[in-house]
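Under UniProt numbering, the first residue of the sequence shown carries the number 1, and numbering increases by one thereafter. Using N, Cα and C, we set each Cβ at its ideal position, and we do this for glycine too.
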Amino acid sequence: MDPIVLGLSSSTPLFSSSFPTFLTTRQSWPRSKIDIVAISGTGKSMTTSPVHTSTVTNFGFKTLMETVSVDVQRAEGRPLNVPLIAPFVIASSRLDKVENVAIRVELNNGCVGWGEAPILPFVTAEDQQTALVKAGEVCEFLRRSQPMTLGSVLAEIGGLLPGHEFASVRAGVEMALIDAVANSIGIPLWRLFGGVSNTITTDITIPIVSPSKASELASMYYKQGFNTLKLKVGNNLNADIEVLKAIRVAHPDCMFILDANEGYTANEAIQVLVKLCEMGVIPVLFEQPVHRDDWEGLGHVNHVAKGYGISVAADESCRSFLDIQKIIEGNLADVINIKLAKVGVMGALEIIEAAKKSGLNLMIGGMVETRLAMGFAGHLASGLGCFKFVDLDTPLLLSEDPVVGGYEVSGAVYKFNNARGHGGFLHWDTIAWLQLDSSFINISLVTLIQHVNCMYVQKSTF
Numbered sequence: 001m002d003p004i005v006l007g008l009s010s011s012t013p014l015f016s017s018s019f020p021t022f023l024t025t026r027q028s029w030p031r032s033k034i035d036i037v038a039i040s041g042t043g044k045s046m047t048t049s050p051v052h053t054s055t056v057t058n059f060g061f062k063t064l065m066e067t068v069s070v071d072v073q074r075a076e077g078r079p080l081n082v083p084l085i086a087p088f089v090i091a092s093s094r095l096d097k098v099e100n101v102a103i104r105v106e107l108n109n110g111c112v113g114w115g116e117a118p119i120l121p122f123v124t125a126e127d128q129q130t131a132l133v134k135a136g137e138v139c140e141f142l143r144r145s146q147p148m149t150l151g152s153v154l155a156e157i158g159g160l161l162p163g164h165e166f167a168s169v170r171a172g173v174e175m176a177l178i179d180a181v182a183n184s185i186g187i188p189l190w191r192l193f194g195g196v197s198n199t200i201t202t203d204i205t206i207p208i209v210s211p212s213k214a215s216e217l218a219s220m221y222y223k224q225g226f227n228t229l230k231l232k233v234g235n236n237l238n239a240d241i242e243v244l245k246a247i248r249v250a251h252p253d254c255m256f257i258l259d260a261n262e263g264y265t266a267n268e269a270i271q272v273l274v275k276l277c278e279m280g281v282i283p284v285l286f287e288q289p290v291h292r293d294d295w296e297g298l299g300h301v302n303h304v305a306k307g308y309g310i311s312v313a314a315d316e317s318c319r320s321f322l323d324i325q326k327i328i329e330g331n332l333a334d335v336i337n338i339k340l341a342k343v344g345v346m347g348a349l350e351i352i353e354a355a356k357k358s359g360l361n362l363m364i365g366g367m368v369e370t371r372l373a374m375g376f377a378g379h380l381a382s383g384l385g386c387f388k389f390v391d392l393d394t395p396l397l398l399s400e401d402p403v404v405g406g407y408e409v410s411g412a413v414y415k416f417n418n419a420r421g422h423g424g425f426l427h428w429d430t431i432a433w434l435q436l437d438s439s440f441i442n443i444s445l446v447t448l449i450q451h452v453n454c455m456y457v458q459k460s461t462f
């Protein structure tokens with residue numbers, strides 16, 4: 001089957017004969033209604049109308065990579081800076097604001113895809129400036145490239161941004177390309193990745209804070225509908241125990257995850273397990289108890305934790321396919337935390353497949369991200385339907401939401417609708433204004449015109 005160049009009229013089947021859906025001419029898709037978005041310096045409201053998508057559940061991502069040819073017209077990366085409600089403190093770092101990189105890719109047919117490269121010091125290898133430089137280089141490559149299959153262009157990106165060193169930028173570019181393709185063929189990402197479900201339920205994180213503050217947050221999150229709390233620990237053993245006691249008083253029925261972010265030695269991690277047993281408290285998960293390179297310590301803690309009925313997750317220790325092979329062969333953990341910023345989208349799919357074959361459980365997580373990156377991860381998790389643990393809460397910790405549209409939030413539940421692709425976007429030309437001074441923003445009407453199978457934005461002020 002010859003590849004289809006997105007944006008060109010074609011009646012060639014998009015998928016193999018086993019798939020009942022075909023890509024026909026763009027004119028065959030109906031136009032949707034006009035959506036109006038009102039924007040001001042303090043908030044936004046949005047009314048949406050249904051978007052046409054196919055009813056087929058599984059579109060076959062692997063088939064898509066082989067059959068669709070991508071022709072990029074424009075590609076660009078820009079700073080995406082968003083303040084936090086409060087500092088985000090973990091054992092290895094402190095974050096006062098999000099300084100990520102947004103990626104925008106526009107295909108020759110006008111369809112746009114969005115991605116985000118999350119930056120978290122001491123966890124991701126890139127800082128924002130490095131990420132912007134590498135994003136610029138890759139975007140230049142995309143603009144100059146001839147049309148090629150989606151699989152080929154993703155492989156080229158993997159070569160230009162190899163390994164963990166540039167994994168976050170690679171993830172952002174991969175997100176944008178896949179989102180653009182999903183927009184072109186008119187399906188939501190969760191269907192593209194398997195269509196198992198269109199909802200997920202997340203935990204919510206309590207960073208390293210005082211016992212009184214932890215108790216306050218636990219009570220607030222309980223009222224908001226969160227039943228699983230993720231507690232950041234690993235900074236001080238005794239202080240961590242006091243926080244646990246305070247939270248149990250405030251929220252006795254909650255399930256909780258301990259995340260040490262490499263903060264303990266193996267002996268300290270085992271002391272925590274003993275203390276929890278004495279308190280009669282069993283966490284559903286103990287995440288990354290020791291340093292990422294302490295393989296012996298990780299295996300030892302995992303062995304001891306099994307005796308208490310507690311699962312251990314590898315997060316920072318799993319940053320490549322070689323890492324998961326080592327974890328599987330050594331029986332070093334029960335759960336693998338998948339984060340796109342650690343391994344990229346394609347790397348994540350490879351690790352997910354290996355984990356499933358080995359019988360390991362899976363967790364989907366992220367860095368501190370907006371609803372762009374977190375939404376993509378959520379689409380992936382809901383579409384695949386193979387994640388036992390969901391930790392996609394950090395957009396709830398931001399004081400602003402720069403994303404228009406996207407998934408719907410109801411407490412701990414995220415719902416992904418039938419809007420094509422990611423379903424959300426940024427006001428690209430106003431990102432800098434938003435970061436400089438929101439007082440420059442006039443109340444605007446943004447008319448969203450979904451023209452044929454693409455989304456365009458037309459803005460008028462008054």
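To the nearest angstrom, report how far apart residue i and residue j are at their CA atoms.
i: L392; j: F376; result: 10 Å
i: R78; j: G110; result: 19 Å
i: Q73; j: K275; result: 58 Å
i: G385; j: M175; result: 19 Å
i: P402; j: K97; result: 14 Å
i: V290; j: E296; result: 10 Å
i: E242; j: E316; result: 26 Å
i: I103; j: D429; result: 13 Å
i: P147; j: G136; result: 19 Å
i: G421; j: L380; result: 11 Å
i: W190; j: M374; result: 13 Å
i: D71; j: G159; result: 19 Å
i: H251; j: T228; result: 10 Å
i: G225; j: N235; result: 28 Å
i: S32; j: L426; result: Model confidence at S32 stands at a pLDDT of 29, short of 50, so the residue's coordinates are unreliable and nothing is read from them.
i: V123; j: T67; result: 36 Å
i: T12; j: K134; result: Any answer about T12 is weak, because its pLDDT of 30 lies below 50 and its placement is not dependable; what the coordinates show is given next. Going from the Cα of T12 to the Cα of K134 covers about 36 Å.
i: K415; j: N198; result: 6 Å
i: K326; j: S311; result: 18 Å
i: A155; j: F141; result: 13 Å
i: R292; j: N417; result: 37 Å
i: T394; j: R371; result: 9 Å
When you compare the CB positions of residue i and residue j, do they come within less than 8 Å of one another, or not?
i: I328; j: V304; result: no
i: S399; j: I208; result: no
i: A341; j: G366; result: yes
i: I204; j: Y221; result: yes
i: L64; j: V181; result: yes
i: G411; j: G424; result: no
i: V285; j: V335; result: Correcting the residue identity first, residue 285 is Leu in this sequence and not Val. In this structure, V335 lies closer than 8 Å to L285 by Cβ.
i: V101; j: Q128; result: yes
i: D240; j: V249; result: no
i: C139; j: A214; result: no
i: A355; j: F321; result: no
i: V169; j: E126; result: yes
i: L231; j: I206; result: yes
i: I119; j: E99; result: yes
i: T218; j: C254; result: Note on residue identity: the sequence assigns Ala, not Thr, to residue 218. For A218 and C254, yes; Cβs fall inside 8 Å.
What does a CB cutoff of less than 7 Å around residue i pick up in its chain, not counting 5 residues either side in sequence?
i: H300; result: A266
i: F193; result: F61, H379, L380, G383, L384
i: F387; result: L362, M363, I364, A381
Name the DSSP bridge partner or partners of residue i?
i: Y414; result: I200, V409
i: G421; result: P188
i: F88; result: L95
i: D259; result: K232, E287
i: I103; result: G77, G115
i: I336; result: A314, L362
i: V404; result: F425
i: T205; result: K230
Measure the beta-carbon distance from residue i to residue j and round it to whole angstroms, keeping in mind my assumption that it falls under 8 Å.
i: I185; j: G113; result: Not confirmed; about 12 Å, so no contact.
i: S69; j: T149; result: 5 Å
i: P121; j: S93; result: 5 Å
i: L298; j: L332; result: 5 Å
i: D323; j: Q288; result: That belief does not hold up - the Cβ atoms of D323 and Q288 are roughly 12 Å apart, past 8 Å.
i: I282; j: Y308; result: 7 Å
i: A117; j: G263; result: In fact, because the Cβ distance is near 26 Å, the residues do not count as touching under 8 Å.
Under a CB-based cut-off of 8 Å, is residue i close to chain D?
i: I338; result: Any reference to chain D falls outside this structure, which holds one protein chain only.
For residue i, which residues in the same chain have their Cβ closer than 6 Å to its Cβ, ignoring the five residues on either side in sequence?
i: S237; result: This sequence places Leu at residue 237; Ser is not what is there. Answer for L237: E268, listed in chain order.
i: L95; result: F88, V368
i: A246; result: P211, A214, S215
i: F166; result: K134
i: N183; result: C111, R420, G421
i: P83; result: K97, S399
Using a Cβ-Cβ cut-off of 8 Å (strictly less than) and excluding sequence neighbours within five positions of residue i, which residues of its own chain qualify?
i: R143; result: V72, Q73, R74, A75
i: I351; result: C318, F321, I324, I336, I338, V343
i: G163; result: S320
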